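Chains A and B are the protein sequences, given in the same order. When you line the first sequence up against the numbering used here, it's residues 1 to 472, in that order. When you line the second sequence up against the numbering used here, it's residues 473 to 933, in that order. Note that the Cβ used here is the ideal one computed from N, Cα and C, for glycine as well. None of these values were measured; they are calculated from a predicted model.
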Amino acid sequence: MSEAGSATGLLVETPVVERVLGAALRRGGDFAEVFVEDRHATSAVLDDGRVEELSSGRDRGAGVRVVVGETTGYAHTADLSEGGLLAAAEAAAAVARQGGGGRVVALERRQAVKRNDVVLLPEGIAKARKIELLVKADEAARSSGNAISQVSAAYGDGRRRIQVANSDGVLVSDDQVRSRFSVSCVAAGDTGMQTGYESSALTVGFELFDTVDVAEVAASAARRALVKLTARPAPSGEVPLILESGSGGILFHEACGHGLEADHIAKDASVYVGQVGEQVASPLVTLVDDGTIGPEWGSYAVDDEGNPAQRNVLIENGVLTDYMWDYLRGRKEHRGSSGNGRRQNYRHLPMVRMTNTFLLNGDSDAEEILAQTPTGVYVAKLGGGQVNTTTGDFVFGTVEAYLIEDGHLTEPLRDANLIGNGPEVLRRIDAVANDFAMGPGTCGKDGQSVPVGCGQPTLRITGVTIGGTAGD
Amino acid sequence: MTDATRQQAPVAVAEGELLELAMRVAGAAQDGEELEVYVSRGVETDIRAYEGEVESLSSAASAGVGIRVVIGGRQGFAYAGTLEESVLRQTLADARDNATFATADEHIGLAGPDGVAPTSLDLWDDEVLRTPSADKVEMALELERRARHADARVRQVAFADYGDMAAEAAVASSTGITATARRTVASVAVETIAGADADSQTGVGFSAARGPGDLDLDKAVTDAVERSTRMLGATKARSGRCAVILDPRVTSTLLAVVSSALSGEAVTKGRSFFADRIGEEVAVPTLMLVDDPTDARSFGASTHDAEGLACRRNVLIDNGVLRGFVFDTTAARRAGTASTASAVRGGYATTPVAGCRALLLSPGSLGAAEILSEVGEALFVQSITGVHSGVNPVSGDFSVGAEGLMVRGGVLAEPVREVTIASTLQRMLKAVLHIGSDVEWLPGVAAGQTLAIDGMALSGS
């Protein structure tokens, strides 16, 4: 397959992009943008003791956006020839009704600041080596206990090259390489079956496996399933909750992250509207969204609108300091983007999205927090979650949790959802430890999925409602 | 503004062309090799209205190919988001190379013709392609306008969208499969926000049909407004055990979760609480669950499955007794049975897996109001959250966030939010009190209808 624009490293050459932007603004319009993407992905799955499938694929295309006043027109194409791009520009420009207009766009290439160097490009790694990882994980999981009845291991890598150019003269590109590995296990016992899952994922190449031992990932997934075989039903009602370091950054992603996205704010569809400068959380809470941190899962050099990733402090010592912004929302408020304009791929319009969202360390000791908690629930791992930004109500599921009795972990608990209200829960954080850790996740919004990071140190919430069935 | 967007749609391409392409590539199969080519193509329009203006209008045409190769029981797969000739060749080469790394498995194989004739279904409305963009834009604007003015308590319309798509797919294989399927869907969806400040409540309403002419804007608006306004003043309920009455939409979501435990693949791999229970009573005797993609009323209806076999009606639970699972070809071979033509795929970039398309519970005799009256005291659940994090189709554990209204004396009473309802799927199927007669065909894999279930653990204050 031919590699487009190999001399300049661009997917589509500058003069072509300039002409396409000119065509996009032919009927008028305030702003035009061309987003080009070339994505390669490989995945391999071992399931039921067999390497079931190795899959590889390529998606390549471009999206053209035209903004006229409050209206955005968008069209995309898989045809990266000048003709294909011009047709997309023509379609996107259909929203511009005033006619006339037209202007010449001169692009100036900007250098994106690389966040980390990819050492081993996955496409240069023999497929057999990727398969070896799966086999090793399968063996490790199965040797974790006789009750492990099923194991599935998945390897994935992706290289996403993007190029963004707009009528403000910006031309920038980024080369994003991501690698991931996950294991899910089923354990079978007298009380039925239980599941365990663990994953590791970073914005790096195959060097991920220099630091991540897939056998440990597998053992961790297996342990989670095995522990729950003897688990009792989770309690119901409101309980004090301790979240283990790195286990539940998704709490902040759901409880307030989404509510701080400027598109929800602009539509008065967030509980955090008009709260900048207000105390919205416990003074122990300092929340940051940072797309610049090296190899984390939600990092990148530039976002999908060509703006550099940034470190944005959202809540400082409990006071709301700022929201997250993309180009459109920033423009409306006469300010810049905060580097949070992302899209799943070229088929979608960008919108405000989080990158790596995390709570900074406090100064408590994690063991002391537990020792000082007479009763409650200890969450060692949270699963997914969901929030209604307008009401602030959110849920998230536990996948490894224990009962706390007299300051000690006692019995494991079966999976349950926790439910709370964002602002309420943020105010109820009364202890934050100094043992920060983070992990990968996938965030879905309006039908688009993007990789994100989430993190927090061990912390305690004085009361959260847990949806168990205990009492049966 | 209409012409340019219409030109994007490749409406002039004949239906047979995709199949020809798939057959030509599949014809390249070498000796000792099975080859399947899946080609899909679609056009989409998405329009969002806000404060009387078009906030965004996206129009798109896309196409792609997914190629499966089986050589000596080893499967390889590759895909590409284009139908360019040079890319097709490379994709086939990649799929062949990928196959060499798989473990040999006698059960792996492609579908072959099984003699079942496809049901003739009309799932295509030309109006999706023929309607000018300006008319679609007007629908979105009208939807937003009506939602904004429907009720004084509505302070905001979070979104008001029109969307449609026309999709075609063809699959051809060296094992004798040639099939095409096509469908259109149009929909409007709106979310209203009622109330102010701390007491803000949201409600979503929608209408979906095969074409824009059959959309019901009023229904979408009425639903959204009713759902947001009736939740005003909602508080937490007290923890305890109670019956729940699920709104049709919630029932549809619940059935979708149950369906993953009815996948033949999950069952043969020991990932379903239904495994080894064929012939056992798994639900109340009044419960019959059927997956019937040949019912054109279902949005999941299709003439063929993702491996090109003719779709058919599959009875899964009858009189409360577990009768069957859904299988694709490989899962069926592993289980020693035949495919139920239930292969589904998420698009050209994924391989087929077993799944349901068009689930329906046999309707009971009571409507929603009668069920409320019959049950008397319960929580009416308007919507649930955390389905992916709180429902486990392997263990059956069920715990989700819920909002709705208490039912007192057989009628809707005060609104309730920020509670969870929990049980296990196994117990819930055995605790069904009433299955509504109010079947509503909803987008997704299951129809909706009111469903009353006893003995759920409600967790609140």
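Can you check the region 838-875 of chain B for any alpha helix (DSSP H) of at least 4 residues that lies completely inside it and give the ranges in chain order? 840-847 and 859-862
Chain-order list of residues whose beta-carbon lies under 7 Å from that of residue 765 (chain B) (same chain, five-residue window excluded): 772, 773, 774, 783, 829 and 830
Spatial neighbours of residue 612 (chain B) within its chain, please: C-beta separation below 8 Å, excluding the five flanking residues on both sides. 519, 520, 521, 526, 632, 633, 634 and 660
Can you check which of these residues, B:663, B:746 and B:778, is closest to residue 390 (chain A) by C-alpha distance? B:663
What do you reckon, are the CB atoms on residue 215 (chain A) and residue 137 (chain A) nearer than 8 Å? Result yes, Cβ atoms of residue 215 (chain A) and residue 137 (chain A) sit closer than 8 Å.
Residue 159 (chain A) versus residue 61 (chain A): straight-line alpha-carbon distance, rounded: 14 Å
Using beta carbons (cut-off 8 Å, strictly below), is residue 464 (chain A) in contact with chain B? At a cut-off of 8 Å between beta-carbon atoms, residue 464 (chain A) makes no contact with chain B.
Closer than 7 Å between beta carbons: that is the criterion. Which residues of the region 625-647 of chain B meet it against chain A? For the region 625-647 of chain B, which is checked against every Cβ of chain A, the residues closer than 7 Å are 628 and 630.
Residue nearest to residue 646 (chain B) in terms of C-alpha spacing, selected from B:638, B:504, B:652 and B:691: B:504
Going by C-alpha distance, which of B:757, B:730, B:758 and B:760 is nearest residue 746 (chain B)? B:730
For the region 525-538 of chain B, enumerate the residues whose C-beta is nearer than 9 Å to any C-beta of chain A, in chain order. 525, 526, 527, 528, 529, 530, 531, 532, 533, 534, 535, 536 and 538
Are the C-beta atoms of residue 771 (chain B) and some chain A residue less than 8 Å apart? no
With a threshold of 8 Å between beta carbons, is residue 890 (chain B) in contact with chain A? Yes, its Cβ sits closer than 8 Å to a Cβ of chain A.
So, does the region 294-303 of chain A touch the region 111-122 of chain A, judging by three or more C-beta pairs under 8 Å? Result yes; three or more Cβ-Cβ pairs closer than 8 Å.
Cβ neighbours of residue 319 (chain A) in the same chain (closer than 6 Å, five flanking residues each side left out): 279
Which bits of chain B does residue 76 (chain A) rub up against, with CB to CB less than 9 Å? 530, 531, 532, 533 and 534
Same chain, Cβ closer than 7 Å to residue 902 (chain B), neighbours up to 5 away in sequence not counted: 755 and 756
Go ahead and label residue 629 (chain B) buried or exposed: buried means 16 or more other beta carbons lie within 10 angstroms of its beta carbon, across all protein chains shown. Counting Cβ neighbours within 10 Å, residue 629 (chain B) comes out buried, since at least 16 surround it.
Chain B beta carbons: is any one of them nearer than 8 Å to that of residue 59 (chain A)? yes
How do the region 897-914 of chain B and the region 414-423 of chain A stand: do at least 3 beta-carbon pairs fall below 8 Å, yes or no? Short answer: they don't touch.
For residue 636 (chain B), tell me which candidate among B:654, B:796 and B:600 has the shortest Cα-Cα distance. B:600
Whole angstroms are fine: how far does the CA of residue 122 (chain A) sit from the CA of residue 295 (chain A)? 15 Å
Enumerate in chain order the residues of its own chain whose CB-to-CB distance from residue 560 (chain B) is below 7 Å, with the five nearest sequence positions on each side excluded. 497 and 537
Between the C-alpha atoms of residue 777 (chain B) and residue 154 (chain A), what's the straight-line distance to the nearest angstrom? So the alpha carbons of these two residues sit roughly 26 Å apart.
To which residues of the same chain is residue 528 (chain B) closer than 8 Å at the C-beta, ignoring the five residues directly before and after it? 518, 519 and 520
Determine which residues of the region 337-353 of chain A have a Cβ less than 7 Å from any Cβ of chain B, and write them out in chain order. 347 and 349
Identify every run of the beta strand (DSSP E) within the region 132-208 of chain A, keeping only runs that are complete inside it and at least 3 residues long; order them along the chain. 148-166, 170-189 and 192-202
With DSSP as the reference, identify every bridge partner of residue 518 (chain B), one or two as the case may be. B:530 and B:635
Min CB distance residue 551 (chain B) to chain A below 8 Å: Yes, residue 551 (chain B) counts as interfacial toward chain A.
Taking 8 Å as the threshold, find out whether the region 640-655 of chain B comes into contact with the region 614-621 of chain B through three or more Cβ pairs. no
Bridge-paired residues (DSSP) for residue 508 (chain B): B:540 and B:645
Best match in A:192, A:166 and A:220 for proximity to residue 144 (chain A) [C-alpha to C-alpha]: A:220
Note down, in chain order, every chain B residue with its Cβ under 8 Å from the Cβ of residue 265 (chain A). The contacting residues do not exist; residue 265 (chain A) stays about 12 Å from chain B at best.
Given 8 Å, three or more beta-carbon pairs between the region 712-722 of chain B and the region 914-927 of chain B: In short, these stretches touch, since the Cβ pair count reaches three.
What's the gap between the Cα of residue 72 (chain A) and the Cα of residue 36 (chain A)? 18 Å
Buried/exposed call for residue 258 (chain A), threshold 16 Cβ in 10 Å: buried
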